[in-house]
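Worksheet for the structure shown next.
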Amino acid sequence: GIAAEPTVSRDIRRTDIPGKYYPDFNRTLTMVVNSFYDNAKTSDEVGNTKVIIAPSGRFVLSGQITANAFNQISNKTNRFVILADHPRKSDKVTGIIIPTYDAYSTPIGEINFDSDARKYLTDIGLMNNTKIEDPSVAIEIMLPFIQQRFQNATIVPILLGNLGAEHLNLLEQVLTKLLDNRTVIVIATELSKGKSYIDASRIDTFCLNAMKKQDVNLVMKCRASSGYSILAGFGVIKKLNLTNRKQNCLT
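Residues in the sequence shown are numbered from 2 upward in steps of one, following our numbering.
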């Protein structure tokens, strides 16, 4: 007889944040995300945006702002490099951590890890079978916005622990390599998480103004909870001179 083809088991990250951060049913989640997009703002540079900063809080708090950010991106984009804090960064986790799941699953469906990026990251030694036991909420919050609008999109999830100069240099190298015509970098951040409203407004305004001014010294002083991912995104903007190419970073 004919031997059956061996079954290849896929390693799927089944997110457990539905019902906590966003609706846990496909139909409801789809309606909510569509509503955010229907009310989303746009800028004059729609389609040229290559880096966005998107809030990673609960949908009820910041879903509309996240949709505003994704609404600046060309519909032809089909790869998203998502930068976020490692969920245990406070436990002295260091370096760049790449979750090695084949795909992430939300109530909308599955979204795959980009195969080209996986090969590149494997070749440079960054794929090390890392499993994230704690939910990387910041990454998973972004997924329904990508799934609902960008057809056949893939992702490259990158988690950041505490970073030294050598880590930042490597991360800038990785992002520069991955950023092509079909790719957008998403900096998923809650900015000044856990602060009072007054302190949060002050810190967030400082960080965003530093990015807009493209002042590396000010960005280095940014005390947001996701300062490393902001710094890495800023480094790519400066290195590739995105603003002078009419490609912009939406804050």
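From the three backbone atoms N, C-alpha and C, an ideal C-beta is built for every residue, glycine too. Every value quoted in this text rests on a predicted model; they were computed, and no experiment measured them.
What would DSSP say about Phe-146, mapped onto helix, strand or coil? Looking at Phe-146 - three-state DSSP - the assignment turns out to be helix.
Which whole-angstrom value describes the C-beta separation of Tyr-102 and Glu-141, a residue pair presumed to lie in contact below a C-beta threshold of 8 Å? The Cβ separation is near 11 Å, so there is no contact.
Only counting the same chain, and skipping five residues up and downstream in sequence, which positions put a Cβ closer than 8 Å to that of Asn-245? Any answer about Asn-245 is weak, because its pLDDT of 41 lies below 50 and its placement is not dependable; what the coordinates show is given next. Cβ within range, chain order: n/a, list empty.
Quick one: which unbroken alpha helix (DSSP H) runs of 4-plus residues sit fully inside the stretch 43–94? Chain order, please. List check, alpha helix (DSSP H) in window: 60–71.
Span separating the alpha-carbon of Gly-110 from that of Gln-148: One C-alpha to the other measures close to 8 Å.
Between the Cα of Leu-30 and those of Lys-51, Val-61, Val-52 and Ser-10, spot the shortest distance and give me the residue it belongs to. From the listed residues Lys-51, Val-61, Val-52 and Ser-10, the smallest Cα separation to Leu-30 is found for Val-61.
Sequence-distant residues of its chain with Cβ nearer than 6 Å to Asn-12 (five each side left out): The question names Asn, but residue 12 in the sequence shown is Asp. Around Asp-12: Tyr-102 and Asp-103.
Proximal residues to Ala-41 (C-beta, below 6 Å), its chain only, five neighbours per side dropped: For Ala-41, where only same-chain residues beyond five positions count, the Cβ hits under 6 Å are Ala-68, Asn-69 and Asn-72.
Can you check which of these residues, Phe-114, Ser-36 and Glu-167, is closest to Ile-97 by C-alpha distance? Relative to Ile-97, the option among Phe-114, Ser-36 and Glu-167 whose CA is nearest is Glu-167.
Taking a contact to mean a Cβ-Cβ separation below 8 Å, would you say Ile-188 touches Lys-196 in this structure? The Cβ atoms of Ile-188 and Lys-196 lie no closer than 8 Å to each other.
Helix, strand or coil for Asn-170, going by three-state DSSP, please let me know. In the structure shown, Asn-170 sits in a helix (DSSP, three-state: H, G or I).
Rounded to whole angstroms, what's the CA-CA distance from Asn-113 to Gln-65? Just pull it up for me. Cα to Cα, Asn-113 sits roughly 25 Å from Gln-65.
To the nearest angstrom, how far is it from the Cα of Pro-100 to the Cα of Lys-21? Rounded to the nearest whole angstrom, the C-alpha separation of Pro-100 and Lys-21 is 22 Å.
Residue range of the beta strand (DSSP E) that Ala-41 falls in? Taken as a continuous stretch (DSSP letters only), Ala-41 belongs to no beta strand (DSSP E), as it is neither H nor E.
Identify which residue in Ser-137, Asp-124 and Pro-158 has its Cα closest to the Cα of Ile-18. Measuring C-alpha to C-alpha distances from Ile-18 to each of Ser-137, Asp-124 and Pro-158 identifies Ser-137 as the nearest.
Sub-8 Å separation of Thr-155 and Asp-115 beta-carbons: The criterion of a C-beta distance shorter than 8 Å is satisfied by Thr-155 and Asp-115.
Can you give the Cα-Cα distance for Val-82 and Thr-206, rounded to whole angstroms? In a straight line, the C-alpha of Val-82 is about 25 Å away from that of Thr-206.
Would you identify the three-state DSSP class for Glu-111, choosing helix, strand or coil? Correct three-state label for Glu-111: strand.
Proximity of Leu-160 and His-87 at Cβ, strictly below 8 Å: Yes, the pair counts as a contact, with Cβ atoms nearer than the cut-off.
If you measure between the beta carbons of Val-52 and Ile-186, is that distance less than 8 Å? Against a cut-off of 8 Å, the Cβ pair of Ile-186 and Val-52 comes out as a contact.
Taking buried to mean at least 16 other C-beta atoms within 10 Å of its own C-beta, is Arg-80 buried or exposed? It counts as buried.
What is the C-beta distance between Glu-191 and Ser-57, in whole angstroms, given that I count them as a contact (C-beta under 8 Å)? Yes, they are in contact, since the Cβ atoms of Glu-191 and Ser-57 sit about 5 Å apart, within 8 Å.
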